[in-house]
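Student: Under our numbering, the residue at position 176 of the sequence shown is numbered 216, and the numbers go up by one with no gaps.
Think of the CB as a built atom: it goes at the ideal place given N, C-alpha and C, for glycine as much as any other residue.
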Amino acid sequence: MAKCFDLLVFDWDGTLMDSAAHIASALQAAFQDLGLPVPSTEAARHVIGLGLEDAMMYLNPGLDRVRFAEVAERYRVHFLAGDKNVELFPAVAAGIPALNQEGYLMAVATGKSRRGLDRSLSATGLLSFFHASRCADEGFPKPHPEMLHMIMEMLGTAPDRTLMIGDTTHDLQMAQNAGVAAIAVSYGAHLTGDLESMNPLGLVGSFEQLLQWLKKNG
């Protein structure tokens with residue numbers, strides 16, 4: 041049966057990597073280190089997927105450039121301290137190679153830095169299965185559509201043949217802005233109700249369910 045999509049674009053944190061709780065706690069610790077108001081867990085999880093500057097300014101709009109740099113540095117320290125303990129979600133390690141075997145082009149669009157994504161791709165052994173990737177420090181971050189536009193241009197894929205897969209409303213809004221269909225995963229950073237409000241093409245509760253959805257609809 042012919043596939044409906046040629047290109048699958050995955051978010052990383054909260055979609056492939058079970059890192060949302062770690063990111064949120066690292067953000068909270070960074071603000072606490074500097075004696076700044078500590079964001080709630082809900083607020084910290086909400087900004088996952090955004091570029092780091094946008095995330096910090098959402099959590100504390102009064103940050104100046106110097107203070108932002110200090111908080112960002114503390115965040116990196118806390119994130120890297122526990123990064124080695126973060127793992128892929130169940131079925132991802134086998135599922136990504138399987139999708140590659142089925143002939144999909146695959147890419148990553150993430151709020152991570154290039155350095156951070158490259159480190160994660162290498163550590164998980166998934167680097168060779170992705171044909172392209174774009175990071176928040178290489179241009180406009182989510183929900184701006186530039187990441188998707190660049191990936192589609194690099195791989196020669198049309199919007200109607202591209203599917204975005206992510207765990208946040210930022211992912212879904214980026215897809216809408218780029219004219220691309222999207223699947224939401226409910227096991228990551230954002231609440232199911234918030235994801236449903238974006239009217240994704242589908243919503244799945246595990247990576248296994250995503251693989252099943254793609255077999256039927258992808």
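#1: Confirm, please, whether the CB-CB distance from residue 149 to residue 51 is below 8 Å.
#2: Among the residues of its own chain, which have a CB less than 7 Å from the CB of residue 79, if the five just before and after it don't count?
#3: Residue 155 to residue 131, Cα distance in whole Å?
#4: When the Cα atoms are used, what is the spatial distance from residue 223 to residue 243?
#5: What are the boundary residues of the alpha helix (DSSP H) that includes residue 194?
#6: Sort out for me which residues DSSP pairs residue 57 with in a bridge.
#7: Which same chain residues, not among the five before or five after residue 199, have their C-beta less than 7 Å away from its C-beta?
#8: What does residue 209 pair with, by DSSP beta-bridge criteria?
#9: Under a Cβ-count criterion, where at least 16 other Cβ atoms within 10 Å of its own Cβ denotes burial, should residue 160 be classed as buried or exposed?
#10: Between the Cα of residue 64 and those of 82, 48, 56, spot the shortest distance and give me the residue it belongs to.
#11: For residue 225, which residues from the same chain have a beta carbon less than 6 Å from its beta carbon, with the 5 sequence-adjacent residues on both sides left out?
#12: Would you mind listing the alpha helix (DSSP H) stretches within the segment 132 to 165 that are 4+ residues and don't spill past its ends, in chain order?
#13: Identify every residue that forms a DSSP beta bridge with residue 175.
#14: Verify whether the separation of the beta carbon atoms of residue 171 and residue 203 is less than 8 Å.
#15: Could you tell me the distance, in whole angstroms, from the CA atom of residue 234 to the CA atom of residue 240?
Tutor: Here's the rundown:
#1: For the purposes of this step, residue 51 is taken as residue 11 along the sequence shown, with counting starting at 1. For the purposes of this step, residue 149 is taken as residue 109 along the sequence shown, with counting starting at 1. Cβ atoms of residue 51 and residue 149: closer than 8 Å.
#2: As a position in the sequence shown, residue 79 is number 39, starting the count at 1. For residue 79, where only same-chain residues beyond five positions count, the Cβ hits under 7 Å are 67, 68, 71, 99.
#3: Taking the first residue of the sequence shown as 1, we reach residue 155 at position 115. Taking the first residue of the sequence shown as 1, we reach residue 131 at position 91. Approximately 25 Å, taken between the alpha carbons.
#4: Counting from one through the sequence shown, the residue named residue 223 turns up at place 183. Counting from one through the sequence shown, the residue named residue 243 turns up at place 203. For residue 223 and residue 243, the distance between alpha carbons rounds to 6 Å.
#5: Along the sequence shown, one-based indexing puts residue 194 at 154. Element bounds for residue 194: 186 to 195.
#6: Against the sequence shown, residue 57 aligns to sequence position 17. Residue 57 is bridged to 53, 128.
#7: The count along the sequence shown starts at 1 and reaches residue 199 at position 159. The answer, listed in chain order, is 192, 218, 219, 220.
#8: As a working note, residue 209 is residue 169 in the sequence shown. Paired residue(s): none; residue 209 is not in a bridge.
#9: On the sequence shown, residue 160 is found 120 positions in, with the first residue counted as 1. Result: buried.
#10: Locating residue 64 in the sequence shown gives position 24, counting from the first residue. Measuring from the Cα of residue 64, the nearest candidate turns out to be 82.
#11: One-based indexing of the sequence shown puts residue 225 at position 185. Excluding residues within five positions, the ones whose Cβ falls inside 6 Å are 55, 207, 244.
#12: 132 to 141, 154 to 164
#13: In the sequence shown, counting from the first residue as 1, residue 175 sits at position 135. Looking at the DSSP assignment, residue 175 forms a beta bridge with 150.
#14: Residue 171 sits at position 131 when you count from the first residue of the sequence shown. Residue 203 sits at position 163 when you count from the first residue of the sequence shown. Not in contact: residue 171 and residue 203 (Cβ atoms no closer than 8 Å).
#15: Along the sequence shown, read from residue 1 onward, the residue named residue 234 stands at position 194. Along the sequence shown, read from residue 1 onward, the residue named residue 240 stands at position 200. Rounded to the nearest angstrom, the two C-alpha atoms are 11 Å apart.
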